[in-house]
């Protein structure tokens, strides 16, 4: 499960870096892509936030934060990512190099 989430997170990170750097972007297309990816990878919940020039341009929660209570993920949901932050740091370093 952790591996799937890491792959999904890194893929979405790279997608956002590549596509958002091109100028205006259709966030409906991104929303559809993320919705499909969350479903395909069988991830219970996921949240996305994109900040461009210090301004939040896209934010949305997908799925549920608790599989038992079925509470939906929103933009304020806090996730315990633990050691997954190492993969995010590596991806950020790759962008900088």
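Numbering (this note's numbering), first residue to last: 8 to 104.
In this text, a Cβ means the ideal position worked out from N, Cα and C, and glycines have one as well.
This structure is a prediction, so every number in the text was calculated from the model and none was measured.
Where residue i falls, given that 16 or more other Cβ within 10 Å makes a residue buried
i: residue 58; result: exposed
i: residue 52; result: buried
i: residue 103; result: exposed
i: residue 10; result: exposed
i: residue 85; result: exposed
i: residue 14; result: exposed
Per DSSP, cross-strand counterpart(s) of residue i
i: residue 40; result: Residue 40 pairs with nothing; no bridge assigned.
i: residue 59; result: 62
i: residue 53; result: 69
Residue i versus residue j - alpha carbon distance
i: residue 68; j: residue 93; result: 22 Å
i: residue 87; j: residue 46; result: 21 Å
i: residue 32; j: residue 75; result: 36 Å
i: residue 109; j: residue 65; result: Absent from the structure is residue 109, since the part of the chain shown begins at 8 and ends at 104.
i: residue 17; j: residue 98; result: 7 Å
i: residue 62; j: residue 89; result: 27 Å
i: residue 55; j: residue 78; result: 17 Å
i: residue 81; j: residue 100; result: 28 Å
i: residue 83; j: residue 36; result: 23 Å
i: residue 70; j: residue 95; result: 21 Å
Simplified DSSP state of residue i, which is helix, strand or coil
i: residue 87; result: coil
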